[in-house]
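**Student:** Before I ask anything, let me first share the structure, which is written out below as structure tokens.
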Amino acid sequence: MVVEKHVMFRVRGGLDFTCQLDRTDESYVKQTLGKAFESVRSAVRSPSLVFGVQNSPVFLWPNRSLQATRQGVTENTTCRELQQHIQINEGDSGKRSSKKKDKKDGTTSIINVDLLTEVTEPVLCSAPMLFRQEGKHHFVKMKLPADCVVSAHMDETIGDVCTHLVEALCTQLTNMEEVVLRHRSGTSLPIPEPFHFLLPEPVGLITAVYPAGVPDTQLEPVRKELHRRLELPDDRSCMRRANAYHFPDEPYRDGYLRSPHLALNHPSLEGTKLYLVQGIYSYHHYMQDRMDDNGWGCAYRSLQTICSWFQQQGYVERVVPSHKEIQQALVDVGDKPASFVGSRQWIGSIEVQAVLSHLLGITSKILFVSQGSDLATKGRELANHFSTEGTPIMIGGGVLAHTILGVMWSETSGEIKFLVLDPHYTGGEDLQVITDKVWVTDLKPRLHFSVKCKLSCDIVVFVKTMSYPTLTCLSRAGVVGRGRTSGTNGPTTTSACPSDQGPYEVGCDIIVMSLTPEDQLHFTRIIMCLNKHTRHFKKKFYFLSVKNCIQHA
């Protein structure tokens, strides 16, 4: 049993904002907006402000010595005691069913609070007065979407928590004022929107206010300043809207599970270190989206999971591509015929790489493994990948594909376990079923023809009766203000099938050992792809067998 020590209070609600702008000169607008925002801050500090604790009968007046509607609730009531008045509705938790309740989920309890205002005034109102003034005026009225979060210890009193919430609301209103002044256009004012971001320690959860309707691409200077102040890396997307923290009590509208590996208890192996995917992804598997792809769509699903990672980290704005869009992309790059669209044909690592480059502008490299048992020798490369890039890795070949989310690896003994996300799952979004038995010691899928390709060097492929896994490792885009959008070209990629980012200088011969006729056709397609995207290529490749050697010019 895990005893929680902290709780998050999240207060949300709309605050009325009104002002009248008679002129557009800078000093007048700044002064008028300042007075209007100060009026809203005064309303937050007024005795009429009310906090309504959701799923409970408790209402609090924070500016009236903490009056409460519930008998026994005072300013000295602790957060732990307040939780006893809240009815837990598991159906609204946003989590899928799970039969095991003792599993650590790593989340903090959240107490949601509604921001309200008492309608009746505590004092007598003055008689109404009417003023008439002729002229043209610009009257502004909008709801400010307040959204503040305060973390508290379970033994902290709700009197102190309410004080912190009022202070947080006033601070957020000041930030909103700065955003409105910075992004206004004449008398047109943007609606300021708060976003929460969970950053690595010691920063933790912070809130940033962005203007509604202004795209992320135009907020690059703002994010760069935030990165500088918070000492965040410049090659990571941390403060885009897509990076906003999703509270665990809020369900995702698209129905996909997010990062199911976070619900796992990691195995205990002496001398090993854990290396995991960084960030959030959605789990895509067979039979989703009303698509029966059982038996052929595993690589499509692994690709969709990878695309979701780049989308939800804010590197790309494009939605996760469907099977048809993936197939069309392969047709567009010349890898497949037009008849491929709408078919039930599987794809492999090379096709995944081509789609990522064409649709998202994402670069990747393919690691070659001679046989499934040799995958354990890639522990150092995989550990380094998850430490630096942190992206999911697709392992594929033939008609099977999986997604590697992490490794537990010992640098001294070489012992390794893989955290594998299986796209072959055909059931519902049941977190318990999905997270059972995902840590494996070895991977032995039925794998097929594979290529290890490096530009500006010899390409040697050994094809025997056994088959070969490939690991598709993806690179993050170095973006803070500059985003990756659909169709954006990236830097040079190491690939068996280069994208349209070239042309490249490739001067080498290709030697292929013991190819079957089917493999020869497959390899010829790769050569054609290389010819299309290179400036210079020696069009000589050799099919060698034990008895003879046939040269093709």
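The sequence shown stops at residue 553 when you use this note's numbering, and every number in between is there.
Beta carbons are placed, not taken as given, at the ideal position from N, Cα and C, and that holds for glycine.
Output the residue ranges of the alpha helix (DSSP H) runs that lie fully inside the region 373-409 and measure 4 residues or longer, sorted by chain position.
**Tutor:** Qualifying alpha helix (DSSP H) stretches, in chain order: 379-388.
**Student:** As a quick exercise: from S282, Y300, E75 and C298, pick the residue whose alpha carbon is nearest that of F310.
**Tutor:** The residue you call residue 310 lines up with position 310 of the sequence shown. Looking at the Cα atoms, S282 is the closest of the given residues.
**Student:** Please state whether DSSP places C508 in a helix, a strand or coil.
**Tutor:** As a working mapping, residue 508 is identified with position 508 in the sequence shown. Note on C508: pLDDT 38, under 50, position unreliable in the model; the coordinate value appears next. In the structure shown, C508 sits in coil (DSSP, three-state: anything other than H, G, I, E or B).
**Student:** In terms of residues, what are the limits of the beta strand (DSSP E) holding P211?
**Tutor:** Within the sequence shown, numbered from 1, the residue matching residue 211 stands at position 211. Per DSSP, P211 belongs to the beta strand (DSSP E) from G204 to P211.
**Student:** Using the Cα positions of G334 and V180, report the straight-line distance between them to the nearest angstrom.
**Tutor:** In the sequence shown, residue 334 corresponds to position 334, counting from 1. In the sequence shown, residue 180 corresponds to position 180, counting from 1. Roughly 48 Å between the two C-alpha positions.
**Student:** Give me the Cβ distance between V355 and L274, rounded to the nearest whole Å; I'm assuming they're in contact under 8 Å.
**Tutor:** Position 355 of the sequence shown, counted from the first residue, corresponds to residue 355. Position 274 of the sequence shown, counted from the first residue, corresponds to residue 274. Not a contact, Cβ separation roughly 30 Å.
**Student:** Less than 8 Å between the CB atoms is what I'm expecting for A43 and T18, so what's the real figure, rounded?
**Tutor:** Stepping through the sequence shown from its first residue, residue 43 is reached at position 43. Stepping through the sequence shown from its first residue, residue 18 is reached at position 18. That pair is no contact at about 11 Å.
**Student:** Where in the region 137-187 do unbroken runs of the beta strand (DSSP E), each at least 3 residues long, occur, reported from the N-terminal end onward?
**Tutor:** The region 137-187 contains these whole beta strand (DSSP E) runs: 138-153.
**Student:** As a quick exercise: from A244, G342 and Y315, pick the residue whose alpha carbon is nearest that of T391.
**Tutor:** Start at 1 with the first residue of the sequence shown, and residue 391 comes out as number 391. Taking only the C-alpha atoms, the option nearest T391 is Y315.
**Student:** By DSSP, does A68 sit in helix, in strand, or in coil?
**Tutor:** Walking along the sequence shown from the start, residue 68 turns up at place 68. Note: A68 maps to strand in three-state DSSP.
**Student:** Judging by CA-CA distance, which residue of P57, G255 and G406 is the nearest neighbour of G279?
**Tutor:** By one-based count along the sequence shown, residue 279 stands at place 279. It is G406.
**Student:** Does the CB of L356 have a neighbour CB from chain D at under 8 Å?
**Tutor:** Checking the listed chains, one finds no chain D in this structure; it contains a single protein chain.
**Student:** Mind checking who G13 pairs with in its DSSP beta bridge?
**Tutor:** Counting from 1 along the sequence shown, the entry for residue 13 is found at position 13. G13 is bridged to A146.
**Student:** Do you know whose CA, among N76, E429 and L269, lies nearest E415's CA?
**Tutor:** The residue you call residue 415 lines up with position 415 of the sequence shown. If we check each option's Cα against that of E415, L269 comes out closest.
**Student:** Would you report the Cα separation of K378 and S339, rounded to the nearest angstrom?
**Tutor:** Within the sequence shown, numbered from 1, the residue matching residue 378 stands at position 378. Within the sequence shown, numbered from 1, the residue matching residue 339 stands at position 339. The alpha-carbon atoms of K378 and S339 are separated by roughly 38 Å.
**Student:** Among the residues of its own chain, which have a CB less than 8 Å from the CB of D14, if the five just before and after it don't count?
**Tutor:** In the sequence shown, the residue the question calls residue 14 occupies position 14. According to the sequence shown, residue 14 is Gly rather than Asp. So the list reads L115, K143, L144, P145 and A146, once near-sequence residues are dropped.
**Student:** How many angstroms separate the CA atom of T32 from the CA atom of T174?
**Tutor:** The residue labelled residue 32 in the question sits at position 32 within the sequence shown. The residue labelled residue 174 in the question sits at position 174 within the sequence shown. If you take the alpha carbons of T32 and T174, they lie about 14 Å apart.
**Student:** Among the residues of its own chain, which have a CB less than 6 Å from the CB of R347, if the five just before and after it don't count?
**Tutor:** Locating residue 347 in the sequence shown gives position 347, where the first residue counts as 1. The sequence shown places Ile at residue 347, not Arg. Correct list, in chain order: A299.
**Student:** CA-CA distance, P248 and Q83?
**Tutor:** Taking the sequence shown and counting its residues from 1, one reaches residue 248 at position 248. Taking the sequence shown and counting its residues from 1, one reaches residue 83 at position 83. Distance between the alpha carbons of P248 and Q83 is about 17 Å.
**Student:** Below 6 Å CB to CB, which residues in the same chain sit around L421 once its five sequence neighbours on both sides are set aside?
**Tutor:** As a working note, residue 421 is residue 421 in the sequence shown. Excluding positions up to five away in sequence, the list reads T403 and L405.
**Student:** For the candidate residues V149, T305, L165 and W409, whose alpha-carbon lies nearest to that of A401?
**Tutor:** The residue given as residue 401 occupies position 401 in the sequence shown. The candidate whose alpha carbon is nearest that of A401 is T305.
**Student:** Report yes or no: do three or more beta-carbon pairs, one from the region 209-218 and one from the region 183-190, lie closer than 8 Å?
**Tutor:** Taking 8 Å as the limit for Cβ pairs, the verdict is that the region 183-190 does touch the region 209-218.
**Student:** Under 7 Å Cβ to Cβ from G52, same chain only, skipping five residues before and after it: list those, please.
**Tutor:** Working through the sequence shown from its first residue, we reach residue 52 at position 52. Correct list, in chain order: F59, V113, D114 and L116.
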